[in-house]
Amino acid sequence: MKRSTLLLVTVLALAFLTSLAAGKVWIGPADWFADNANGWIMAELRLPRAILGACVGAVLGLSGAVLQGYLRNPLADPTVVGVSSSAALGGVIAILLGVSGFAMFGFAMAGAAISVALLVALAGRSGGPLGFILAGMVLATLSGSLTALLISMAPNPFATSEIVAWLMGALTDRTMDDVTRALPFMAFGSVILLLTARSLDALTLGEDAARSMGVDPDRLRWIIALGTGLAVGASVAVTGVVGFVGLIVPHFMRRIVGEQPSATLIPSAIGGAILTLAADSAVRLTPGTGEVRLGIAMAAIGAPFFFLLLARMRRDPS
Amino acid sequence: MIRTENLSVDLGRRRVLDDVSLDLARGRVTAILGANGAGKTSLLRAIAGLVPPSTGHIALDGEALSALSLPERARRIGYLPQNGQPAWALTVRELVALGRLPHRSPFAALSPGDEVAINAAMAQTDVAGLADRTVDTLSGGEKARAKFARVLAAETDWILADEPLANLDPPHQQDVLRLMRTAADAGKGVLVVLHQLEAAARVADDLLILKDGRTVAFGPCAEVLTPATLEAAFDMAMDVITHQGRVAILPR
Numbered sequence: 028m029k030r031s032t033l034l035l036v037t038v039l040a041l042a043f044l045t046s047l048a049a050g051k052v053w054i055g056p057a058d059w060f061a062d063n064a065n066g067w068i069m070a071e072l073r074l075p076r077a078i079l080g081a082c083v084g085a086v087l088g089l090s091g092a093v094l095q096g097y098l099r100n101p102l103a104d105p106t107v108v109g110v111s112s113s114a115a116l117g118g119v120i121a122i123l124l125g126v127s128g129f130a131m132f133g134f135a136m137a138g139a140a141i142s143v144a145l146l147v148a149l150a151g152r153s154g155g156p157l158g159f160i161l162a163g164m165v166l167a168t169l170s171g172s173l174t175a176l177l178i179s180m181a182p183n184p185f186a187t188s189e190i191v192a193w194l195m196g197a198l199t200d201r202t203m204d205d206v207t208r209a210l211p212f213m214a215f216g217s218v219i220l221l222l223t224a225r226s227l228d229a230l231t232l233g234e235d236a237a238r239s240m241g242v243d244p245d246r247l248r249w250i251i252a253l254g255t256g257l258a259v260g261a262s263v264a265v266t267g268v269v270g271f272v273g274l275i276v277p278h279f280m281r282r283i284v285g286e287q288p289s290a291t292l293i294p295s296a297i298g299g300a301i302l303t304l305a306a307d308s309a310v311r312l313t314p315g316t317g318e319v320r321l322g323i324a325m326a327a328i329g330a331p332f333f334f335l336l337l338a339r340m341r342r343d344p345s
Numbered sequence: 011m012i013r014t015e016n017l018s019v020d021l022g023r024r025r026v027l028d029d030v031s032l033d034l035a036r037g038r039v040t041a042i043l044g045a046n047g048a049g050k051t052s053l054l055r056a057i058a059g060l061v062p063p064s065t066g067h068i069a070l071d072g073e074a075l076s077a078l079s080l081p082e083r084a085r086r087i088g089y090l091p092q093n094g095q096p097a098w099a100l101t102v103r104e105l106v107a108l109g110r111l112p113h114r115s116p117f118a119a120l121s122p123g124d125e126v127a128i129n130a131a132m133a134q135t136d137v138a139g140l141a142d143r144t145v146d147t148l149s150g151g152e153k154a155r156a157k158f159a160r161v162l163a164a165e166t167d168w169i170l171a172d173e174p175l176a177n178l179d180p181p182h183q184q185d186v187l188r189l190m191r192t193a194a195d196a197g198k199g200v201l202v203v204l205h206q207l208e209a210a211a212r213v214a215d216d217l218l219i220l221k222d223g224r225t226v227a228f229g230p231c232a233e234v235l236t237p238a239t240l241e242a243a244f245d246m247a248m249d250v251i252t253h254q255g256r257v258a259i260l261p262r
């Protein structure tokens, strides 16, 4: 294993352990398996939350790296291709219908599936990355406006606040059921996304060069849409929309492992898990009775970073 | 051998290549000349399998090009696109290693054979000393050689290059011309789109001159490079002057 990967895995392990221990109640390792309230908190709340945080962060980081590689644009992330907002729309419909648990997960995944089908259909044959991103933006706008419409039509303020809170993204009160539901989709989607590594490298030299090196662009578009749909769809289904991870993390990783797209994929997954776990630990430690939503915390960290990124790109156009 | 028979290509409703029939042999450099919009790039892209023929067909060593899988084609025909600026700052070694993609199974690491091909390609193009530099730090000439190394590393029978001399100063143009000559002398077929007529006269064994998608002339350099064909292709009178075995082309 490369030294950088080893370092990332070590930091990930630390972030995971911190996420288990940190919160309104600090739980030391001695109590993790204890038969008392702390042991219960650990098994029922902290552990599923940490696992979900790591997995959600990993798929967001990975899909961000894949999309940036595919679109050859460092500003791409899973939210720009419309999968997140479509899955969120599915979740919102589920809340309005009063269903939860597995049914809600199904609604969100259905939203993701529909967006993937539309994405591939709209991007069309030989549409290339430009067609892909335009189709994605149309989808994101469409599902965003439908979501806003549904919120405005919500039958009572309680439903409205439930929807808004869910949309902001959080890992609060997740259970092992959420983990077992989402994990297979995230794992399968991630494997599919990892299959694109070589093709993304070839795309570095442009679409024609990639095709001349044996990359089938239609197949690649399908693979990316499907992998993103499964992995990011499942992550939205259990945590709502958590932005910026997919945007920021690949940037940090390029500084560490170089810019070759295939080399950034696994480090971005690990980095995404670290960032999400750290941010989720931080929101639990904020003073006060409530808890800052993870999505908000991430945006608060992400927006200034995004701004720095833009400033740097303007200074150094290459 | 690459054979095109009555090859036509349409882009949208426009016919950009019209009824072009060619036999190209390995071990030779063939330069494609013509004014802007004459169909040079379209011909190259059609032979590289990047645009489908509207009519006619293309055969590679007797097999229809369309019957070959993408990876199979990629192992036999290397393509150097125009202005292929890498989107990411790869190192030179990573860039050259891309040439091995068609030979590798998914997830497989570089084999010893891959390493040999990469090192040989870098040595031949004199970029071995730049192996760990990222491409955004290279000069134009270094970048051109590194990109050529990528195609060489693929060890294809054919190299198709679209204006590889663009934006290079005369000494660096010479470097790239020499690389193409060496590749052809080593038995590869080289098909190159050029705008520099004199460079074409210097490097090419055969010339193909296109105008409005049609063949004006095709054959050995000395036979084809005449004032008559040049005027037909470019609508401009030119003198072809031979001096000590070299050719100078002067607009009248």
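Residue numbers (the numbering used here), protein chains in the order written: chain R, 28 to 345; chain P, 11 to 262.
Just so it is clear, CB atoms sit at the ideal spot from N, CA and C, and this is done for glycine as well.
All values reported here derive from a predicted model rather than from experimental measurement.
By Cβ distance below 8 Å, which residues in the same chain neighbour residue i in space, the five residues on each side in sequence not counted?
i, result
"R110/P", "L120, D124, A127, I128, A163, A164"
"I122/R", "M131, A186, E189, I190, W193"
"S31/R", "I283, V284, P294"
"L21/P", "S52, V61"
"G155/R", "E234, P244"
I'd like to know if residue i contacts chain R, where contact means its C-beta is closer than 7 Å to some C-beta of that chain.
i, result
"L27/P", "no"
"E173/P", "no"
"W168/P", "no"
"A97/P", "yes"
"L34/P", "no"
"P91/P", "yes"
"A108/P", "The sequence as given places Leu at residue 108/P; Ala does not occur at that position. Cβ-Cβ to chain R under 7 Å: yes for L108/P."
So, for residue i: in the same chain, excluding its five sequence neighbours on each side, which residues have a beta-carbon less than 6 Å away from its beta-carbon?
i, result
"A84/P", "P112"
"G88/P", "V161, A164, T166, I169"
"V106/P", "I128, A131, M132, A159, R160, A163"
"R13/P", "D33, A69"
"R55/P", "V61"
"F228/P", "L218"
"L247/R", "S226"
"R143/P", "V102"
"A48/P", "L220, K221"
"A41/P", "V202, L204, A210, A214, L217"
"A181/R", "T187"
Starting from the beta carbon of residue i, find every residue of chain R whose beta carbon is closer than 7 Å, and list them in chain order.
i, result
"G94/P", "L232, G233, A236"
"A58/P", "S239"
"E104/P", "Q287"
"P62/P", "Within chain R, no residue comes near P62/P; the closest Cβ sits about 10 Å away, beyond 7 Å."
In this structure, what does DSSP give as the bridge partners for residue i?
i, result
"L247/R", "None, per the DSSP bridge assignment."
"F228/P", "L218/P"
"V202/P", "A41/P, A171/P"
"T65/P", "S18/P"
"E73/P", "L70/P"
"M248/P", "P261/P"
"H253/P", "R256/P"
Skipping 5 residues on each side, what residues in its chain have a beta carbon closer than 7 Å to that of residue i?
i, result
"A305/R", "A42"
"L253/R", "V143, I219"
"D228/R", "Q287, P288, S289"
"L260/P", "M248, D249, I251"
Got a sec: does the ligand ZN put a non-hydrogen atom nearer than 6 Å to the Cβ of residue i?
i, result
"P211/R", "Although the ligand ZN was asked about, the structure shown includes no ligands whatsoever."
Determine the chain P residues that contact residue i at a beta-carbon separation under 7 Å, and present them in chain order.
i, result
"L222/R", "P116"
Using a Cβ cut-off of 8 Å, pull out every chain R residue sitting near residue i, in sequence order please.
i, result
"A84/P", "S239, M240, G241"
"P112/P", "M240, G241"
"L80/P", "R238, G241, V242, D243"
Using a Cβ-Cβ cut-off of 7 Å, state whether residue i counts as contacting chain P.
i, result
"D228/R", "yes"
"R339/R", "no"
"R225/R", "yes"
"R30/R", "no"
"S345/R", "Reliability of the predicted coordinates at S345/R is poor, the pLDDT of 46 falling under 50, and no value is obtained from them."
Against residue i, what residues of chain P qualify as contacts under a CB-to-CB distance less than 8 Å, listed in chain order?
i, result
"R99/R", "A97, W98"
Could you name the residues of chain R that residue i contacts, counting a contact when the two beta carbons are closer than 9 Å?
i, result
"P261/P", "Chain R residues near P261/P: none, gap ~33 Å exceeds 9 Å."
Between the stretch 41-55 of chain R and the stretch 164-180 of chain R, do at least 3 Cβ pairs fall closer than 8 Å?
Counting Cβ pairs under 8 Å, fewer than three are found: no touch.
Given 8 Å, three or more beta-carbon pairs between the stretch 82-92 of chain R and the stretch 292-303 of chain R
Contact holds: three or more Cβ-Cβ distances are below 8 Å.
Counting Cβ pairs, one atom from each stretch, are 3 or more of them under 8 Å apart for the stretch 63-78 of chain P and the stretch 231-243 of chain R?
No, the stretch 63-78 of chain P is not in contact with the stretch 231-243 of chain R.
Pairs of beta-carbons, one from the stretch 320-338 of chain R and one from the stretch 111-129 of chain R, closer than 8 Å: are there three or more?
Cβ pair count under 8 Å is below three, so no.
Three-pair Cβ contact test at 8 Å for the stretch 93-108 of chain P versus the stretch 135-152 of chain P:
With a cut-off of 8 Å, the stretch 135-152 of chain P and the stretch 93-108 of chain P count as touching, because enough Cβ pairs lie within range.
Validate contact between the stretch 156-169 of chain R and the stretch 101-109 of chain R using beta carbons, cut 8 Å, 3 pairs
Judged by pairs of C-beta atoms under 8 Å, the stretch 156-169 of chain R touches the stretch 101-109 of chain R, as three or more such pairs exist.
With three or more beta-carbon pairs closer than 8 Å as the criterion, would you say the stretch 23-41 of chain P touches the stretch 189-203 of chain P?
Yes, they touch.
Taking contact to mean 3 or more Cβ pairs, one atom from each stretch, closer than 8 Å, check whether the stretch 171-188 of chain P and the stretch 90-100 of chain P are in contact.
Contact holds: three or more Cβ-Cβ distances are below 8 Å.
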